[in-house]
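One structure below.
Residue numbers (the UniProt record's numbering): 1 to 126.
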């Protein structure tokens with residue numbers, strides 16, 4: 001899925017819209033008369049408490065669901081330690097199979113050479 005992301009220096013720092021965390025701040029307190037009656041209401045102003053970093057830009061990127069259920073930029077998932085160990089194990093098994101194949105081929109060549117030597121000795125004695 002394509003979503004808006006916030007990127008800074010080419011790195012995605014937020015997926016989705018930036019949360020500016022707008023909060024009300026007291027500009028002027030309420031005023032009361034001698035009897036405690038409100039004569040002027042308090043004035044509040046909304047202020048951004050989490051501005052988007054300077055230089056950040058909004059881009060659209062392909063997003064996917066990570067193995068943990070969160071959202072990530074497509075193709076940026078890092079394999080877990082278990083997955084890395086599984087890959088290493090598979091590679092080691094493949095290397096073992098290749099080595100066994102090489103050893104088997106060498107054994108066959110050695111057996112053929114021994115047979116040839118035996119045949120040559122037999123031919124020389126006759």
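A virtual CB, placed ideally from N, CA and C, is assigned to each residue, including glycine.
Judged by DSSP in its simplified three-state form, residue 88 adopts helix.
For residue 88 and residue 75, the gap between their C-alpha atoms comes out near 21 Å. Judged by DSSP secondary structure, residue 24 falls within the beta strand (DSSP E) whose first and last residues are 22-28. In the three-state scheme derived from DSSP, where H, G and I count as helix and E and B as strand, residue 109 is classed as helix. Taking C-beta atoms under 8 Å as the contact rule, residue 4 and residue 22 fail to qualify, at a distance of about 19 Å.
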